[in-house]
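One line per chain: the protein sequences are Y, U and P, in this order.
When the count follows this note's numbering, it moves up by one through the first sequence with no breaks and lands on 751 for the last residue.
When the count follows this note's numbering, it moves up by one through the second sequence with no breaks and lands on 909 for the last residue.
When the count follows this note's numbering, it moves up by one through the third sequence with no breaks and lands on 1194 for the last residue.
Notes for the one structure printed next.
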Amino acid sequence: MALDDKHEAEGRVFKIVGTRPIRPDGIDKVTGRARFGADMSAPGMLVGLILRSPHAHARIRSINIAKAEALPGVKAVVTRADFGNVSDDDLRDILHNVMAHDKALYDGHAVAAVAATSTSAARQALKLIEVDYEVLPHVIDVDEAMQPDAPVLHEGRSDETVPAGMSANIMHRFEYGHGDVEAGLAAADEVIERSFKTAATHQGYIEPHACLASMGPDGQADLWCCTQGHYMVRNTCAGILGMEVSQLKVTASEIGGGFGGKTTVFLEPVALALARKSGRPVKMVMSREEVFRASGPTSSTSIDVKIGMKRDGTITAGWAELRYQGGAFPGSPVQFGAMSCFAAYDLANVQAIGWDVVANRPKQIAYRAPGAPMGAYAVESVVDELCGKLGLDRLEVRLKNASRDGTKAAYGPRFGRIGLTAVLEAAKAHPHYTAPLGPNQGRGVACGFWFNFGGDTCVSLNVNPDGTVGVSEGNPDIGGSRAAMTMMAAEELGIPYERVRTTIADTSALGQNDVTDGSRVTFAVGLATIKAARAAITIMCARAAKIWGIDADAVVWEDGHAKPAGPNAGKFPPMSLAEIAAVATNTGGPIAGHHEVNAEGAGVSFAAHLVDAEVDPETGAVKILRYTVFQDAGKAVHPAYVEGQFQGGAVQGIGWALNEEYIYGADGRLQNPGFLDYRIPVASDLPMIDTVIIEVANPGHPYGVRGVGETSIVPPLAAVANAVSAAAGVRLTELPMSPPKVLHAIDAARG
Amino acid sequence: MTQIHVSTKINGDAVEFLCEPNETLLDVLRDRLDLTGAKEGCGTGDCGACSVTVDGRLVCSCLMLGAEAEGREVTTIEGMADGEVLHPLQQKFLEHAALQCGICTPGILVAAKALLERNPDPTETETRYWLAGNLCRCTGYDKVIRAVMDAAAQMRGA
Amino acid sequence: MRYEAPRTLESAVSLLAGEPGSAQILAGGTDLLVRLRTGIGEPDLIVDIKRIDGISAITAENGGWRVGAAVSGAEMGEHDGLKADWPGVVEATELIGSTQIQGRATMAGNLCNASPAADSVPAMVAANAVARVIGPNGTREVAVGDIATGPGKTSLAKGEIVESIFLPARAARSGDAYLRFIPRTEMDIAVVGVGVSLTLDASGTCTAARVSLGAVAATVLLVEEAAATLIGSPVDEAALERLAAACSAAAKPIDDKRGTIEFRTKVAGVLAKRAATIALERAKG
């Protein structure tokens, strides 16, 4: 499609899309009726608990479970010995993370599990398991892990991209870019080179991981769990346990937050193994401490950036080297970081190199735009510093160099229709940008980008005999997506919102569905819902045609009714969906539409954030005074939930920038595995988060939808750092900017 | 451990239960009484997802022993609506989209109700500080605060 | 583990004194239940003191206030008389945790938990508060500053309970204040805490002062050198600078996950100035 083609939805007057109806699952959530992961029980249920390594790195010489098994009330004890071999590399890493193999690789690594008739019996049983550890030297920091003499986690797993002689903890080297960076830097009037560090952070969902597993003697199993992808859970657990996928039925509970942290398995294979061994249902719920120690925080990073700029603001070259540790197994999101960090800029000369490194920490998993916030922090800080040095307006410089429709991105492809300049113009025109600032206050600006994804999606739309409609989809609702699907189905069918009900079907009801991640649900599930609705409409038109005795293509669908296409088709009064549904049995049977697709055409999303901060120069305390998010949503199906994504991502970014970090002791153990000392923002820390929704339609979606969930966390690290640096009068290059660090920087600058 | 027999009132109903001495009120509500509206987010009083009121006082049920409920009146999220009539706070939360995943919502609603019973006209700052013990990771608190203040206005008849 | 809820102090004392194993007192439970939860070890006996007659009362006494050991921070915050006389002590107690914690946490419990960073203690020490301790050998009055002997340790003997805390009559033209530094706006353990209480004469000169620091040593410090910088002065800029220096000098903090030595030392001085300024305003009335 040419870039200047009109979007198919342009000029369409939406009746429901764009309004703010109450979400269908809302009442259950405000009354306490909604069932989350830990809210389910089963008769005869056992309590499952995990024994975890107290060492950051240790060889497991032996595990003796005899005493634990003999304790009254204990019905099963499992270790690695209870899991077979897995041939797939990725699956094997997941299994070895879920239950340690020959080494404990981080403080909190699971080494055994028990199922017992009571929590106290289970706790007692854990104490009776004897593990013989040979403690090994450990490494926590990414740069230290890259040193040739660093303690090694896995021998021989560096792949061919890693030069010989480098540390065995380096798994892969990524490189993106084009042009000639050296030449570009030479052509600049000003070059700034800086190094940055960010600490590991956690998604911080308030609901700990929880599941309830049961397996019958015939090997058929049921699993209830909170997850962002129950099909992923099914496939992964089946693979790990050597089951056929159809033997395992997974039902997704309501989920109490995920942000990427629930896109893999932790407890689930263990619960199934315990259920298999004990013959009884097993419920497992992580404590908050276990969530921090043994789920999937994001990478800590070390990043070098070099950018050259001309006096007129043109960026002549951009270069970055990103080093991310992904915990104990390969797969940190450094690839996304390297791909995305320069995405907002149209650069002739750009290079981003990324190193994927392992360290003795929990295996990282996605955290909302994985890898991107850290890269953006580094690049946007240097752009900010260059603007300051050259006396240039920060938004003007972004506009001057902005990626536009057709720009060749630093990571390779050419952008289609994108909304970055619209976002930047909106920011520039907003009163926040020119509001006056007081003493010790500073304003920060930063851009962000996320790819957004499509993926495997199935939707089944069924017309009920009374004319109500059921939509079955396979993606857990982490942000209000059931409302959006309901709205799109109702919009397409032309019936009231209240006549449609969307449910998240269990794994037995639909084919494969990719995880709720990549900001894909409103885009991909929405697209599939629309197409399923259109398929149902085609059938209903055919039914009306049959009733009227005319050709099917002489019938059109308008305002929820089948109508003759024109006066030549015949004078038949329109038939409503309900009327067609009522006689469906007589016209061929029940009416449904479905759509299965690996959705492509997800539109990338750009954002700009403005933030004002105040720094107390005597204590280094930071206060966020004002915050505005500008982001391209393509088409906001339910604006309130789009705003909610903008606000939630911004606040997670504020926490990441100011106070959140994984703190390790010299012994490699996590010192702050709780909400007391892992400090996420509280209500009194924040002002209102203002939002401006920009809509530059995505050609790949019938309504123009772009994913919004992730882009919102990409700018805040840099925006807040730029604001704090301005307010404090000194550039901060390490996150989080906790008060001791800020005060130290202020005092050091004062000399 | 010998179990303790407790007689208490929950959401206006007389309730009796047995519990271990070391069971928290939260454990009792969720595991013995099937009142799963109160959630365990941390177990250490840092997140507020387990909030209930005891004799009208807002507390974390994870920091109270089940045995301590003897003779007291406990109210939970399950008692907030009046039959099928939602409390104005519940209604406003829906209208303002003040919840995304909803796990913190019961705790915040119980806490907000306690606020408005004490202070029917709180400022934004007062509301934020009162709710500082209720962590939310999804919303950034913006719509939560708006919903509470809007409910307060409605309840004042403003 | 056993749970008892005696109705009288005598039975509480005899339960505690007579317990062969370990026994813990339960008032608000906001520290004790966290310890139970994190598996640091269950005591053999928990004695819930909340049902003891009078233990939840705030009573006027000799111009001052006697605060029962089971009075919660929320209840203190609702008591007009207490707030008027000792606003620093009340605001310190009200800083502990969240609204939910406030609904249960007690000053006495905060004191006896003996965390170096306890919020209510510097304010109580600055106020010259006295704890009434009841035990198998009778009653004794103990200056609040003498209760904690180290992190998690108190000078209480087996079987002894703090029954109440007495805040003395407040002199005319005096005021107190407590400030703490935390990285967020709520919910954190104090990185530094400063309690200041001072009295002025008719000309506005400070005639008495007590300055107490929290979270910068193993126990709360009463810093006489700091008080000396204020006494005899109009509590002006120069005096405040000397106060800050004395507090920074007296601080003996550690590096930990909440703050560095450098940071705590500096901020002790900064907060002392700010707390003294508030106490001064309150003293002027």
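Backbone N, C-alpha and C fix where the C-beta goes; we use that ideal spot for every residue, glycine too.
Going along the chain, which residues of its own chain have a beta-carbon closer than 6 Å to the beta-carbon of residue i, five neighbours each way excluded?
i                : result
GLY778 (chain Y) : Beyond the ends of chain Y as shown, which are 1 and 751, falls residue 778 (chain Y); an answer cannot be given.
ARG897 (chain U) : HIS847
Can you tell me whether residue i is buried or exposed? The criterion is at least 16 other CB atoms within 10 Å of its CB, across all chains shown.
i                 : result
ARG975 (chain P)  : buried
GLN905 (chain U)  : exposed
SER738 (chain Y)  : buried
SER1064 (chain P) : exposed
ARG879 (chain U)  : buried
LEU762 (chain Y)  : No statement about residue 762 (chain Y) is possible, as the shown extent of chain Y runs from 1 to 751 and does not include it.
VAL583 (chain Y)  : exposed
VAL13 (chain Y)   : exposed
HIS756 (chain U)  : exposed
GLY707 (chain Y)  : buried
MET752 (chain U)  : exposed
GLN1011 (chain P) : buried
GLY972 (chain P)  : exposed
PRO1060 (chain P) : exposed
ALA1184 (chain P) : buried
Pull up the CB-CB distance for residue i and residue j, whole angstroms please, since I reckon it's below 8 Å.
i                : j                : result
PHE675 (chain Y) : LEU886 (chain U) : 6 Å
ALA168 (chain Y) : GLU155 (chain Y) : 6 Å
ALA352 (chain Y) : TYR205 (chain Y) : 30 Å between Cβ atoms; not a contact.
GLN645 (chain Y) : GLY709 (chain Y) : 5 Å
PRO639 (chain Y) : ILE591 (chain Y) : Actually they are not in contact, since the Cβ atoms of PRO639 (chain Y) and ILE591 (chain Y) sit about 32 Å apart, beyond 8 Å.
GLY454 (chain Y) : GLU600 (chain Y) : 5 Å
LEU670 (chain Y) : TYR664 (chain Y) : 6 Å
Is the Cβ-Cβ distance between residue i and residue j less than 9 Å?
i                 : j                 : result
LYS283 (chain Y)  : LEU46 (chain Y)   : yes
LEU1088 (chain P) : VAL1144 (chain P) : no
TRP450 (chain Y)  : SER605 (chain Y)  : yes
GLY982 (chain P)  : ILE1005 (chain P) : yes
ALA489 (chain Y)  : VAL515 (chain Y)  : no
ALA122 (chain Y)  : GLY48 (chain Y)   : yes
CYS813 (chain U)  : GLU835 (chain U)  : no
ALA125 (chain Y)  : ALA66 (chain Y)   : no
ALA343 (chain Y)  : ALA409 (chain Y)  : yes
LEU390 (chain Y)  : TYR433 (chain Y)  : no
GLY799 (chain U)  : PRO681 (chain Y)  : no
LEU461 (chain Y)  : ALA533 (chain Y)  : yes
ARG443 (chain Y)  : ASN722 (chain Y)  : yes
Does chain Y have any CB closer than 9 Å to the CB of residue i?
i                 : result
THR1174 (chain P) : no
PRO857 (chain U)  : yes
GLU1095 (chain P) : yes
ILE854 (chain U)  : yes
ASN723 (chain U)  : The first residue shown for chain U is 752 and the last is 909, placing residue 723 (chain U) beyond what the model contains.
GLY948 (chain P)  : yes
PHE768 (chain U)  : no
GLY1102 (chain P) : no
Got a sec? Which residues, its chain only, sit under 7 Å from residue i by beta carbon, not counting five neighbours each side?
i                : result
HIS138 (chain Y) : ALA56, HIS57, PRO151, ASN360, GLY668
ASP901 (chain U) : LYS843, HIS847
ALA348 (chain Y) : GLY179, GLY184
VAL956 (chain P) : GLU913, PRO915, ALA921, LEU924, LEU925, ALA932, ILE934, LEU935
Could you check whether the Cβ of residue i sits closer than 9 Å to any Cβ belonging to chain U?
i                : result
LEU676 (chain Y) : yes
PRO496 (chain Y) : no
THR31 (chain Y)  : yes
ASP612 (chain Y) : no
Quick one: residues in its chain with C-beta nearer than 8 Å to the C-beta of residue i, no 5 flanking neighbours on either side, listed in chain order?
i                : result
PHE36 (chain Y)  : GLU207, ALA210, CYS226, SER253, GLU254, ILE255, GLY256
CYS541 (chain Y) : ALA552, VAL555, VAL556, TRP557, ALA562
Could you tell me whether any Cβ in chain P is nearer than 9 Å to the Cβ of residue i?
i                : result
PRO740 (chain Y) : yes
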